[in-house]
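Taking it in order: structure first as structure tokens, then the write-up.
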Amino acid sequence: MKRIGMKTFGRIVQRVMETLPDAFTPYLDNLVVDVLPEPTYDMLREVGLTDEEIDQGESAFGLFDPLPIPVEDLVEAEVAPHRLLIFKRPLEEAFPERRTLVIEIRKTVIHELAHHFGWTDEELEAFDAKEDPFGDGLIDELLTILEESEAKRRQ
């Protein structure tokens with residue numbers, strides 16, 4: 219598959235954010251979502267990868283980066299922004315087929331948010347094990363975004 223432009227990738231992530239399950243809604247007011255080409259070395263270390271794993275090409279698809287709040291400022295924690303990072307290159311490399319890619323982008327967003335909001339590893343494993351855990355038609359909409367972008371590039 220040809221690489222997706224950053225703008226198109228960002229539109230897909232934006233649409234995923236607009237269609238998150240209702241359970242996430244209370245937590246989204248103070249969330250900034252960024253799409254980056256790939257994680258930095260420090261980010262990879264933050265998610266627990268060793269130098270050896272990084273040297274072997276291991277990467278991350280996303281990262282929820284909560285804003286560290288000093289204890290004395292906990293009252294402000296509800297309004298302080300947190301950051302969700304989605305990494306384009308690792309997702310594209312791991313999932314070269316378009317349909318799988320858009321499913322995995324959506325899974326990554328939900329996976330990163332769910333970890334932060336208390337889902338257990340067992341709950342996430344059950345979610346991740348499904349090829350398309352959504353079954354709601356959004357994947358076809360996301361594929362349309364990709365196809366429209368590709369058609370514009372060919373013109």
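For the sequence shown, our numbering begins at 219 and goes up steadily by one. Just so you know, even glycine gets a beta-carbon here, dropped at the ideal spot from N, CA and C. These numbers come from a predicted model, not from an experiment.
query	result
Determine the extent of the alpha helix (DSSP H) in which ARG263 is found, giving its start and end residues.	259 to 264
Considering just the uninterrupted stretch of the beta strand (DSSP E) at PHE305, what are its terminal residues?	300 to 305
Using only the alpha-carbon positions, how far apart do ASP252 and VAL231 sit?	9 Å
If we call anything under 8 Å between Cβ atoms a contact, is PHE282 one with LEU302?	yes
Is the separation between the beta-carbon of VAL320 and that of LEU254 shorter than 8 Å?	no
What's the C-alpha gap between SER277 and ARG307?	10 Å
Output needed for THR326: all residues of its chain with C-beta closer than 8 Å, excluding positions within five of it in sequence on either side, in chain order.	PHE279, GLY280, ILE304 and LEU309
What runs of the alpha helix (DSSP H), each 4 residues or longer, lie entirely inside the region 312 to 365?	316 to 334 and 339 to 347
Report the option in GLU311, LEU342, ARG372 and LEU238 whose CA atom is closest to the CA atom of GLU256.	GLU311
So, helix, strand or coil for PHE282, using DSSP?	strand
Comparing C-alpha positions only, which one of LEU267, ILE323 and ALA369 sits nearest to PHE227?	ILE323
With DSSP collapsed to three states, give me the class of LEU249.	strand
In whole angstroms, what separates the C-alpha of MET224 from that of GLU340?	33 Å
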